[in-house]
Amino acid sequence: MAATSRTVVISNRLPVQRVGKGPSARWQTSPGGLVTAIEPILRRSGGAWVGWTGVAGSSPRPATHEGYTVRPVPLSSHEVETFYHGFSNSTLWPLYHDAIRTPEFHKDWWGPYVEVNRRFARAAAAAARKGDLVWVHDFHLQLVPHYLRELRPDLRIGFFLHIPFPPEELFAWLPWRTQILEGLLGADLVGFQTHAGAQNFSRAARAFTTADGTDTSLEFDGRIVAVGSFPISIDTAWYEKAAADPATIRDAHAIRSRIGPSRKIILSVDRLDYTKGIDTRLQAIGEFFRRGRYGVDDVVFIQVAVPSRERVGDYARLRTRIEQMVGSVNGEYSVPGRVAVHYFRRSLQREELVAYYRAADVMAVTPLRDGMNLVAKEYVASRVDSGGVLVLSEFAGAARELRRALLVNPRDLEATASRFEEALALPKDDARHRMNILRTVVRRHDVFEWADTFIGALRRG
166 MAATSRTVVI
176 SNRLPVQRVG
186 KGPSARWQTS
196 PGGLVTAIEP
206 ILRRSGGAWV
216 GWTGVAGSSP
226 RPATHEGYTV
236 RPVPLSSHEV
246 ETFYHGFSNS
256 TLWPLYHDAI
266 RTPEFHKDWW
276 GPYVEVNRRF
286 ARAAAAAARK
296 GDLVWVHDFH
306 LQLVPHYLRE
316 LRPDLRIGFF
326 LHIPFPPEEL
336 FAWLPWRTQI
346 LEGLLGADLV
356 GFQTHAGAQN
366 FSRAARAFTT
376 ADGTDTSLEF
386 DGRIVAVGSF
396 PISIDTAWYE
406 KAAADPATIR
416 DAHAIRSRIG
426 PSRKIILSVD
436 RLDYTKGIDT
446 RLQAIGEFFR
456 RGRYGVDDVV
466 FIQVAVPSRE
476 RVGDYARLRT
486 RIEQMVGSVN
496 GEYSVPGRVA
506 VHYFRRSLQR
516 EELVAYYRAA
526 DVMAVTPLRD
536 GMNLVAKEYV
546 ASRVDSGGVL
556 VLSEFAGAAR
566 ELRRALLVNP
576 RDLEATASRF
586 EEALALPKDD
596 ARHRMNILRT
606 VVRRHDVFEW
616 ADTFIGALRR
626 G
(Lines of atoms letter the chains of each structure in order from A; the text may use other names.)
(Lines give C-alpha, C1' and ligand atoms only; values in the text may rest on other atoms or scores of the structure.)
Protein backbone atom coordinates (compact mmCIF):
# COMPACT_ATOMS: atom_id res chain seq x y z
CA MET A 166 0.00 0.00 0.00
CA ALA A 167 1.29 3.44 -0.89
CA ALA A 168 2.66 5.44 2.02
CA THR A 169 0.69 8.41 0.70
CA SER A 170 -2.70 6.81 1.32
CA ARG A 171 -5.02 8.88 3.49
CA THR A 172 -6.28 7.86 6.93
CA VAL A 173 -9.96 7.85 7.87
CA VAL A 174 -10.68 7.67 11.61
CA ILE A 175 -14.00 6.43 13.01
CA SER A 176 -14.88 6.96 16.68
CA ASN A 177 -18.09 7.31 18.63
CA ARG A 178 -17.41 11.00 19.29
CA LEU A 179 -15.89 13.53 16.93
CA PRO A 180 -12.66 15.24 18.03
CA VAL A 181 -14.35 18.63 17.63
CA GLN A 182 -17.37 20.48 18.97
CA ARG A 183 -19.61 23.01 17.26
CA VAL A 184 -19.33 26.49 18.80
CA GLY A 185 -21.43 29.52 17.91
CA LYS A 186 -24.69 29.67 15.96
CA GLY A 187 -25.77 30.49 12.45
CA PRO A 188 -23.24 31.66 9.83
CA SER A 189 -20.58 32.28 12.50
CA ALA A 190 -20.69 28.69 13.81
CA ARG A 191 -17.36 26.84 13.59
CA TRP A 192 -15.68 23.63 14.66
CA GLN A 193 -13.31 23.74 17.65
CA THR A 194 -10.89 20.95 18.55
CA SER A 195 -11.68 19.19 21.83
CA PRO A 196 -8.82 18.40 24.23
CA GLY A 197 -7.70 14.80 24.56
CA GLY A 198 -4.80 12.45 23.99
CA LEU A 199 -6.41 10.57 21.09
CA VAL A 200 -7.04 13.82 19.23
CA THR A 201 -3.49 15.01 19.91
CA ALA A 202 -2.02 11.81 18.48
CA ILE A 203 -4.17 11.38 15.40
CA GLU A 204 -4.82 14.92 14.17
CA PRO A 205 -1.24 15.31 12.81
CA ILE A 206 -1.68 12.12 10.76
CA LEU A 207 -4.92 13.43 9.27
CA ARG A 208 -3.43 16.85 8.57
CA ARG A 209 -0.49 15.28 6.72
CA SER A 210 -2.67 13.03 4.58
CA GLY A 211 -5.79 15.19 4.29
CA GLY A 212 -7.94 12.41 5.73
CA ALA A 213 -11.31 12.38 7.49
CA TRP A 214 -12.79 11.80 10.95
CA VAL A 215 -16.23 10.19 11.23
CA GLY A 216 -18.17 10.44 14.49
CA TRP A 217 -21.13 11.71 16.49
CA THR A 218 -21.35 15.31 17.73
CA GLY A 219 -22.65 14.26 21.14
CA VAL A 220 -26.04 15.93 20.56
CA ALA A 221 -29.17 13.98 19.57
CA GLY A 222 -30.93 14.95 16.35
CA SER A 223 -29.79 15.98 12.90
CA SER A 224 -26.10 16.60 12.24
CA PRO A 225 -24.25 19.44 10.51
CA ARG A 226 -22.92 18.88 7.00
CA PRO A 227 -19.38 17.54 6.51
CA ALA A 228 -16.81 20.31 6.75
CA THR A 229 -13.07 20.88 6.55
CA HIS A 230 -11.25 21.48 9.84
CA GLU A 231 -7.48 21.83 10.30
CA GLY A 232 -6.85 20.26 6.89
CA TYR A 233 -9.06 17.18 7.24
CA THR A 234 -12.77 16.44 6.76
CA VAL A 235 -15.15 16.24 9.71
CA ARG A 236 -18.08 13.97 8.86
CA PRO A 237 -20.80 13.96 11.58
CA VAL A 238 -23.06 10.93 12.03
CA PRO A 239 -26.52 11.63 13.51
CA LEU A 240 -28.07 9.76 16.44
CA SER A 241 -31.71 10.07 17.47
CA SER A 242 -32.74 10.46 21.11
CA HIS A 243 -33.95 6.85 21.05
CA GLU A 244 -30.54 5.69 19.76
CA VAL A 245 -28.72 7.67 22.43
CA GLU A 246 -30.72 5.77 25.04
CA THR A 247 -30.50 2.32 23.46
CA PHE A 248 -27.24 2.22 21.48
CA TYR A 249 -25.17 4.49 23.74
CA HIS A 250 -26.53 4.37 27.31
CA GLY A 251 -28.00 0.91 26.79
CA PHE A 252 -25.95 -1.59 24.80
CA SER A 253 -22.62 0.26 24.86
CA ASN A 254 -22.57 1.43 28.48
CA SER A 255 -24.87 -0.99 30.31
CA THR A 256 -24.06 -4.21 28.41
CA LEU A 257 -20.56 -4.00 26.94
CA TRP A 258 -18.86 -1.66 29.43
CA PRO A 259 -19.51 -3.76 32.58
CA LEU A 260 -19.01 -7.06 30.75
CA TYR A 261 -15.62 -6.00 29.38
CA HIS A 262 -14.56 -4.76 32.82
CA ASP A 263 -14.76 -8.21 34.38
CA ALA A 264 -18.49 -7.84 35.16
CA ILE A 265 -17.73 -5.63 38.17
CA ARG A 266 -21.37 -4.64 37.72
CA THR A 267 -23.74 -7.22 36.26
CA PRO A 268 -24.23 -6.49 32.54
CA GLU A 269 -27.77 -5.99 31.26
CA PHE A 270 -28.81 -7.98 28.19
CA HIS A 271 -31.83 -6.49 26.40
CA LYS A 272 -32.74 -7.53 22.86
CA ASP A 273 -34.30 -4.09 22.32
CA TRP A 274 -30.82 -2.55 22.60
CA TRP A 275 -29.18 -4.85 20.06
CA GLY A 276 -31.12 -3.62 17.01
CA PRO A 277 -30.12 0.05 17.50
CA TYR A 278 -26.50 -1.02 18.07
CA VAL A 279 -26.55 -2.80 14.70
CA GLU A 280 -28.23 0.12 12.92
CA VAL A 281 -25.88 2.76 14.32
CA ASN A 282 -22.84 0.66 13.41
CA ARG A 283 -24.20 0.30 9.85
CA ARG A 284 -24.67 4.09 9.67
CA PHE A 285 -21.08 4.73 10.78
CA ALA A 286 -19.84 2.23 8.20
CA ARG A 287 -21.82 3.94 5.43
CA ALA A 288 -20.44 7.34 6.44
CA ALA A 289 -16.88 5.97 6.41
CA ALA A 290 -17.42 4.31 3.03
CA ALA A 291 -18.53 7.68 1.63
CA ALA A 292 -15.56 9.50 3.17
CA ALA A 293 -12.84 7.05 2.08
CA ARG A 294 -11.01 6.99 -1.22
CA LYS A 295 -9.72 3.85 -2.90
CA GLY A 296 -6.84 2.35 -0.94
CA ASP A 297 -7.28 4.50 2.17
CA LEU A 298 -6.46 3.27 5.68
CA VAL A 299 -9.46 3.24 8.02
CA TRP A 300 -8.95 3.19 11.80
CA VAL A 301 -12.03 2.26 13.87
CA HIS A 302 -12.02 2.96 17.62
CA ASP A 303 -13.56 1.31 20.62
CA PHE A 304 -16.41 -0.79 21.91
CA HIS A 305 -19.26 1.33 20.55
CA LEU A 306 -18.34 0.40 16.95
CA GLN A 307 -17.32 -3.25 16.96
CA LEU A 308 -19.53 -4.16 13.98
CA VAL A 309 -18.19 -1.37 11.75
CA PRO A 310 -15.20 -3.33 10.34
CA HIS A 311 -17.49 -6.07 8.97
CA TYR A 312 -20.07 -3.68 7.50
CA LEU A 313 -17.39 -1.44 6.02
CA ARG A 314 -15.64 -4.40 4.38
CA GLU A 315 -18.93 -5.37 2.75
CA LEU A 316 -19.21 -1.85 1.30
CA ARG A 317 -15.53 -1.18 0.55
CA PRO A 318 -13.33 -4.28 0.20
CA ASP A 319 -10.57 -2.07 -1.27
CA LEU A 320 -9.81 -0.47 2.11
CA ARG A 321 -7.28 -1.45 4.77
CA ILE A 322 -9.25 -1.55 8.03
CA GLY A 323 -7.84 -1.42 11.54
CA PHE A 324 -9.69 -1.59 14.86
CA PHE A 325 -8.41 -0.58 18.30
CA LEU A 326 -10.17 -1.38 21.58
CA HIS A 327 -9.41 1.16 24.32
CA ILE A 328 -10.94 -0.90 27.15
CA PRO A 329 -10.08 -4.48 28.24
CA PHE A 330 -11.28 -7.46 26.22
CA PRO A 331 -12.64 -10.03 28.71
CA PRO A 332 -11.62 -13.67 29.12
CA GLU A 333 -13.48 -16.18 26.97
CA GLU A 334 -15.63 -17.48 29.82
CA LEU A 335 -16.94 -13.95 30.55
CA PHE A 336 -17.35 -12.95 26.91
CA ALA A 337 -19.40 -16.12 26.48
CA TRP A 338 -22.20 -14.46 28.48
CA LEU A 339 -22.99 -12.13 25.58
CA PRO A 340 -25.97 -13.41 23.55
CA TRP A 341 -24.56 -11.66 20.46
CA ARG A 342 -21.00 -12.88 20.96
CA THR A 343 -20.60 -14.36 17.47
CA GLN A 344 -21.90 -11.23 15.73
CA ILE A 345 -19.53 -9.00 17.72
CA LEU A 346 -16.53 -11.21 16.94
CA GLU A 347 -17.41 -11.41 13.24
CA GLY A 348 -17.75 -7.63 13.25
CA LEU A 349 -14.22 -7.24 14.59
CA LEU A 350 -12.86 -9.89 12.23
CA GLY A 351 -13.85 -7.64 9.35
CA ALA A 352 -10.66 -5.70 10.13
CA ASP A 353 -7.20 -6.46 8.78
CA LEU A 354 -5.66 -5.58 12.14
CA VAL A 355 -7.33 -5.77 15.56
CA GLY A 356 -5.40 -4.02 18.35
CA PHE A 357 -5.66 -4.12 22.14
CA GLN A 358 -4.03 -2.38 25.09
CA THR A 359 -2.32 -5.51 26.40
CA HIS A 360 -1.13 -8.89 25.24
CA ALA A 361 -3.73 -10.51 27.52
CA GLY A 362 -6.54 -8.60 25.76
CA ALA A 363 -5.29 -9.72 22.34
CA GLN A 364 -5.03 -13.30 23.58
CA ASN A 365 -8.56 -13.23 25.02
CA PHE A 366 -9.96 -11.99 21.71
CA SER A 367 -8.16 -14.62 19.61
CA ARG A 368 -9.31 -17.41 21.90
CA ALA A 369 -12.92 -16.17 21.79
CA ALA A 370 -12.77 -15.86 17.99
CA ARG A 371 -11.59 -19.46 17.67
CA ALA A 372 -14.25 -20.66 20.12
CA PHE A 373 -17.31 -18.83 18.77
CA THR A 374 -16.61 -18.26 15.03
CA THR A 375 -15.03 -20.24 12.21
CA ALA A 376 -11.75 -18.35 12.69
CA ASP A 377 -8.62 -20.47 13.00
CA GLY A 378 -4.99 -19.69 13.74
CA THR A 379 -2.83 -18.34 16.55
CA ASP A 380 -3.11 -15.59 19.14
CA THR A 381 -1.50 -13.12 16.70
CA SER A 382 -2.83 -14.27 13.32
CA LEU A 383 -6.30 -15.56 12.52
CA GLU A 384 -7.65 -16.89 9.24
CA PHE A 385 -11.28 -15.91 8.70
CA ASP A 386 -13.46 -15.78 5.60
CA GLY A 387 -10.46 -16.36 3.35
CA ARG A 388 -8.43 -13.50 4.85
CA ILE A 389 -5.66 -13.16 7.43
CA VAL A 390 -6.53 -10.95 10.41
CA ALA A 391 -3.55 -9.73 12.44
CA VAL A 392 -4.04 -9.38 16.21
CA GLY A 393 -1.69 -7.49 18.52
CA SER A 394 -1.17 -5.27 21.55
CA PHE A 395 -0.55 -1.54 21.14
CA PRO A 396 -0.49 0.11 24.59
CA ILE A 397 -1.73 3.69 24.30
CA SER A 398 0.18 6.54 25.92
CA ILE A 399 0.21 10.32 26.40
CA ASP A 400 1.77 13.45 24.92
CA THR A 401 4.75 13.16 27.25
CA ALA A 402 6.45 16.31 26.00
CA TRP A 403 3.37 18.42 26.77
CA TYR A 404 3.22 17.21 30.38
CA GLU A 405 6.95 17.72 30.88
CA LYS A 406 6.76 21.26 29.51
CA ALA A 407 3.68 22.09 31.61
CA ALA A 408 5.29 20.64 34.75
CA ALA A 409 8.44 22.74 34.26
CA ASP A 410 6.46 25.96 33.76
CA PRO A 411 7.13 28.43 36.61
CA ALA A 412 3.38 29.05 36.93
CA THR A 413 2.76 25.34 37.51
CA ILE A 414 5.53 25.20 40.10
CA ARG A 415 4.00 28.20 41.90
CA ASP A 416 0.56 26.53 41.83
CA ALA A 417 2.03 23.29 43.24
CA HIS A 418 3.70 25.22 46.07
CA ALA A 419 0.41 27.02 46.75
CA ILE A 420 -1.43 23.68 47.03
CA ARG A 421 1.13 22.39 49.51
CA SER A 422 1.00 25.64 51.47
CA ARG A 423 -2.79 25.46 51.81
CA ILE A 424 -2.72 21.77 52.76
CA GLY A 425 0.08 22.33 55.26
CA PRO A 426 3.72 22.35 54.13
CA SER A 427 4.72 19.50 56.45
CA ARG A 428 1.85 17.18 55.46
CA LYS A 429 2.26 14.49 52.82
CA ILE A 430 -0.29 14.30 49.99
CA ILE A 431 -1.75 11.08 48.57
CA LEU A 432 -3.61 11.97 45.35
CA SER A 433 -6.11 10.15 43.14
CA VAL A 434 -7.72 11.44 39.93
CA ASP A 435 -10.50 9.38 38.34
CA ARG A 436 -13.62 9.55 36.30
CA LEU A 437 -16.58 8.84 38.62
CA ASP A 438 -17.01 5.25 37.43
CA TYR A 439 -17.42 2.00 39.33
CA THR A 440 -14.45 0.46 37.48
CA LYS A 441 -12.09 2.99 39.11
CA GLY A 442 -12.52 1.56 42.60
CA ILE A 443 -12.90 4.93 44.34
CA ASP A 444 -15.11 3.45 47.07
CA THR A 445 -12.68 0.57 47.63
CA ARG A 446 -9.78 3.04 47.79
CA LEU A 447 -11.59 5.09 50.42
CA GLN A 448 -11.98 1.95 52.51
CA ALA A 449 -8.21 1.42 52.22
CA ILE A 450 -7.62 5.05 53.25
CA GLY A 451 -9.83 4.44 56.29
CA GLU A 452 -7.72 1.38 57.12
CA PHE A 453 -4.55 3.47 56.60
CA PHE A 454 -5.64 6.05 59.19
CA ARG A 455 -7.09 3.41 61.53
CA ARG A 456 -3.64 1.87 61.97
CA GLY A 457 -2.39 5.10 63.55
CA ARG A 458 1.09 5.13 62.03
CA TYR A 459 0.10 8.33 60.23
CA GLY A 460 -2.51 10.85 61.35
CA VAL A 461 -4.20 13.80 59.67
CA ASP A 462 -1.41 16.10 60.84
CA ASP A 463 0.96 13.97 58.75
CA VAL A 464 -1.04 13.00 55.64
CA VAL A 465 -4.05 14.10 53.61
CA PHE A 466 -5.81 12.17 50.85
CA ILE A 467 -7.09 14.20 47.87
CA GLN A 468 -9.64 12.57 45.56
CA VAL A 469 -10.56 14.30 42.30
CA ALA A 470 -13.67 12.61 40.87
CA VAL A 471 -14.71 13.79 37.41
CA PRO A 472 -18.52 13.53 36.93
CA SER A 473 -19.60 10.84 34.49
CA ARG A 474 -22.92 9.41 33.21
CA GLU A 475 -24.80 10.88 36.16
CA ARG A 476 -28.19 10.12 34.57
CA VAL A 477 -27.48 6.38 34.90
CA GLY A 478 -28.74 4.83 38.14
CA ASP A 479 -25.56 2.88 38.95
CA TYR A 480 -23.49 6.05 38.67
CA ALA A 481 -25.85 8.16 40.76
CA ARG A 482 -25.80 5.52 43.49
CA LEU A 483 -21.99 5.32 43.27
CA ARG A 484 -21.71 9.08 43.75
CA THR A 485 -23.92 8.91 46.84
CA ARG A 486 -21.92 6.00 48.26
CA ILE A 487 -18.58 7.76 47.71
CA GLU A 488 -19.78 11.00 49.27
CA GLN A 489 -21.07 9.08 52.30
CA MET A 490 -17.73 7.29 52.64
CA VAL A 491 -15.80 10.59 52.45
CA GLY A 492 -18.01 11.89 55.24
CA SER A 493 -17.48 8.72 57.26
CA VAL A 494 -13.66 8.83 57.01
CA ASN A 495 -13.57 12.54 57.76
CA GLY A 496 -15.98 12.13 60.64
CA GLU A 497 -13.79 9.49 62.25
CA TYR A 498 -10.27 10.82 61.64
CA SER A 499 -10.39 14.61 61.04
CA VAL A 500 -9.46 17.15 63.72
CA PRO A 501 -10.12 20.91 63.87
CA GLY A 502 -8.32 22.52 60.93
CA ARG A 503 -7.26 19.17 59.45
CA VAL A 504 -9.46 16.85 57.34
CA ALA A 505 -8.44 13.36 56.33
CA VAL A 506 -9.95 13.53 52.82
CA HIS A 507 -10.38 16.42 50.41
CA TYR A 508 -12.98 15.41 47.79
CA PHE A 509 -13.48 17.37 44.56
CA ARG A 510 -16.34 16.26 42.30
CA ARG A 511 -15.51 18.32 39.24
CA SER A 512 -13.28 18.47 36.20
CA LEU A 513 -9.91 20.21 36.40
CA GLN A 514 -8.05 21.73 33.47
CA ARG A 515 -4.94 19.82 32.39
CA GLU A 516 -2.69 22.59 33.69
CA GLU A 517 -4.41 22.41 37.11
CA LEU A 518 -3.95 18.64 37.21
CA VAL A 519 -0.23 18.94 36.50
CA ALA A 520 0.12 21.26 39.51
CA TYR A 521 -1.58 18.62 41.67
CA TYR A 522 0.67 15.92 40.17
CA ARG A 523 3.73 17.97 41.11
CA ALA A 524 2.41 18.59 44.61
CA ALA A 525 1.54 14.96 45.40
CA ASP A 526 3.99 12.80 47.31
CA VAL A 527 2.09 9.64 46.35
CA MET A 528 -0.18 9.02 43.36
CA ALA A 529 -2.76 6.28 44.02
CA VAL A 530 -4.02 4.79 40.73
CA THR A 531 -5.97 1.74 41.89
CA PRO A 532 -8.80 0.85 39.48
CA LEU A 533 -10.52 -2.49 39.86
CA ARG A 534 -10.10 -2.93 36.09
CA ASP A 535 -8.79 -0.57 33.41
CA GLY A 536 -7.74 -0.89 29.79
CA MET A 537 -4.71 1.32 30.36
CA ASN A 538 -5.20 4.31 32.74
CA LEU A 539 -3.36 7.32 31.41
CA VAL A 540 -3.45 9.20 34.74
CA ALA A 541 -0.58 6.97 35.89
CA LYS A 542 1.49 8.01 32.87
CA GLU A 543 0.51 11.67 33.25
CA TYR A 544 1.78 11.66 36.84
CA VAL A 545 5.09 10.08 35.82
CA ALA A 546 5.59 12.52 32.93
CA SER A 547 4.81 15.46 35.22
CA ARG A 548 7.48 14.50 37.76
CA VAL A 549 10.32 16.29 35.99
CA ASP A 550 11.89 16.61 39.46
CA SER A 551 12.04 12.77 39.66
CA GLY A 552 10.02 13.03 42.88
CA GLY A 553 6.89 11.21 43.96
CA VAL A 554 5.86 7.57 44.20
CA LEU A 555 3.26 5.78 42.06
CA VAL A 556 1.02 3.16 43.69
CA LEU A 557 -0.62 1.27 40.81
CA SER A 558 -3.29 -1.42 40.52
CA GLU A 559 -2.21 -4.74 39.08
CA PHE A 560 -5.45 -4.64 37.07
CA ALA A 561 -4.64 -1.48 35.10
CA GLY A 562 -3.16 -2.04 31.66
CA ALA A 563 -0.43 0.45 32.60
CA ALA A 564 0.94 -2.06 35.13
CA ARG A 565 2.35 -4.10 32.24
CA GLU A 566 4.71 -1.21 31.38
CA LEU A 567 5.14 0.68 34.66
CA ARG A 568 6.65 -2.22 36.56
CA ARG A 569 8.72 -0.07 38.93
CA ALA A 570 5.59 1.41 40.46
CA LEU A 571 4.44 -0.07 43.77
CA LEU A 572 1.89 -2.58 42.44
CA VAL A 573 -1.11 -3.60 44.50
CA ASN A 574 -4.33 -5.63 44.41
CA PRO A 575 -6.87 -2.87 45.19
CA ARG A 576 -9.37 -5.38 46.59
CA ASP A 577 -6.90 -6.26 49.33
CA LEU A 578 -7.58 -3.32 51.66
CA GLU A 579 -4.85 -4.17 54.16
CA ALA A 580 -2.24 -4.59 51.42
CA THR A 581 -3.30 -1.29 49.84
CA ALA A 582 -3.01 0.54 53.17
CA SER A 583 0.43 -1.04 53.61
CA ARG A 584 1.45 0.15 50.14
CA PHE A 585 0.48 3.71 51.09
CA GLU A 586 2.65 3.42 54.21
CA GLU A 587 5.51 1.97 52.16
CA ALA A 588 5.24 4.74 49.55
CA LEU A 589 5.40 7.45 52.21
CA ALA A 590 8.38 5.82 53.94
CA LEU A 591 10.32 4.94 50.77
CA PRO A 592 13.92 6.21 50.97
CA LYS A 593 14.42 9.21 48.67
CA ASP A 594 17.13 7.53 46.58
CA ASP A 595 14.96 4.45 46.00
CA ALA A 596 11.96 6.61 45.09
CA ARG A 597 14.00 8.70 42.62
CA HIS A 598 15.48 5.57 41.03
CA ARG A 599 12.02 4.07 40.52
CA MET A 600 10.62 7.31 39.12
CA ASN A 601 13.52 7.77 36.69
CA ILE A 602 12.94 4.29 35.27
CA LEU A 603 9.21 5.00 34.92
CA ARG A 604 9.94 8.31 33.21
CA THR A 605 12.23 6.59 30.70
CA VAL A 606 9.43 4.19 29.77
CA VAL A 607 6.81 6.95 29.35
CA ARG A 608 9.18 9.18 27.39
CA ARG A 609 10.21 6.37 25.05
CA HIS A 610 6.65 5.26 24.30
CA ASP A 611 4.50 8.36 23.89
CA VAL A 612 1.13 8.72 22.17
CA PHE A 613 2.70 9.65 18.83
CA GLU A 614 4.78 6.47 18.82
CA TRP A 615 1.59 4.53 19.63
CA ALA A 616 -0.30 6.00 16.66
CA ASP A 617 2.62 5.60 14.25
CA THR A 618 3.13 1.99 15.35
CA PHE A 619 -0.50 1.04 14.79
CA ILE A 620 -0.76 2.83 11.42
CA GLY A 621 2.56 1.29 10.33
CA ALA A 622 1.35 -2.20 11.22
CA LEU A 623 -1.93 -1.62 9.38
CA ARG A 624 -0.16 -0.29 6.31
CA ARG A 625 2.30 -3.19 6.16
CA GLY A 626 -0.46 -5.76 6.37
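Just so you know, we're using the numbering used here here: the sequence shown kicks off at 166 and counts up by one. Backbone N, C-alpha and C define an ideal beta-carbon position, used for all residues, glycine too. In this text the structure is predicted, and so the values were computed from the model without any measurement.
Bridge partners - residue 597, DSSP secondary structure assignment: The partner list for residue 597 (beta bridge, DSSP) is empty, contrary to what the question assumes.
Counted within 10 angstroms of its Cβ, other Cβ atoms place residue 175 as buried (16 or more) or exposed: buried
Cβ-Cβ distance between residue 300 and residue 276 below 8 Å: no
Host alpha helix (DSSP H) of residue 307 (start-end): Looking at the DSSP string, residue 307 is not in any alpha helix (DSSP H), and its letter there is neither H nor E.
Assigned exposure category for residue 307 - 16 Cβ within 10 Å defines buried: buried
Residue nearest to residue 284 in terms of C-alpha spacing, selected from 311, 263 and 261: 311
Nearest residue (CA-CA) to residue 187, options 225, 605, 201 and 194: 225
Pairwise C-alpha distance: residue 353 and residue 386: 12 Å
N- and C-terminal bounds of the alpha helix (DSSP H) containing residue 585: 578-590
The segment 495-511 / the segment 391-403 touching (three or more Cβ pairs under 8 Å): no
Length of the line joining the Cα atoms of residue 272 and residue 327: 25 Å
Check whether residue 600 and residue 545 have beta carbons under 8 Å apart: yes
Extent of the continuous alpha helix (DSSP H) run through residue 478: 478-498
Alpha-carbon spacing of residue 274 relative to residue 245, whole angstroms: 10 Å
Residues of its chain near residue 201, where Cβ-Cβ distance is below 7 Å and the 5 sequence neighbours each way are ignored: 400 and 612
Identity of the residue in 406, 221 and 589 nearest residue 543 by Cα: 406
Classification of residue 434 by the beta-carbon crowding that lies within 10 angstroms, buried from 16 upward: buried
Same chain only: Cβ atoms within 8 Å of residue 204, ignoring 5 sequence neighbours per side: 180, 194, 231 and 233
Selection from 257, 471, 532 and 362 that minimises the alpha carbon distance to residue 514: 471
contact_flag[the segment 525-536, the segment 425-441] where n(CB pairs < 8 Å) is 3 or more: yes
Buried versus exposed, by CB contacts within 10 Å (16 or more), residue 334: exposed
CB contact flag (residue 173, residue 297, <8 Å): yes
Residue 543 - containing alpha helix (DSSP H), residue span: 539-547
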